[in-house]
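Trainee: In this note's numbering, the protein residues as written are 210 to 253.
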Amino acid sequence: MLVSTHELATASALLAPALTAAKLHESIGGSQRRPTVRRHPQGP
210 MLVSTHELAT ASALLAPALT AAKLHESIGG SQRRPTVRRH PQGP
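(1) Go through its chain and collect everything with a Cβ distance to ILE237's Cβ below 6 Å, but skip five positions before and after it.
(2) Using the three-state DSSP reduction, which class does LEU211 fall into: helix, strand or coil?
(3) Give the straight-line distance between the Cα atoms of ALA231 and SER213, rounded to the nearest whole angstrom.
Take a look at the structure:
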C-alpha cells in the first residue's frame, strides 16, 4: 500500500506528542524514585 505524505505528516504529528509525553513521564518517574530511595535508610 502507498501511504501519502499527508498521512505520514498526520501520523508523525500524532506520535510526536505521545513520545514526548512518555519521555516526560519517565523523567518525572525517575526524579520521584530517587528521593524515595534516599528517604529509606539501608540496613537495620
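Just so it is clear, CB atoms sit at the ideal spot from N, CA and C, and this is done for glycine as well.
Mentor: According to the structure data:
(1) Position 28 of the sequence shown, counted from the first residue, corresponds to residue 237. So the list is empty, once near-sequence residues are dropped.
(2) Position 2 of the sequence shown, counted from the start, is the residue given in the question as residue 211. Correct three-state label for LEU211: coil.
(3) Position 22 of the sequence shown holds residue 231. Position 4 of the sequence shown holds residue 213. Their backbone Cα atoms lie some 27 Å apart in a straight line.
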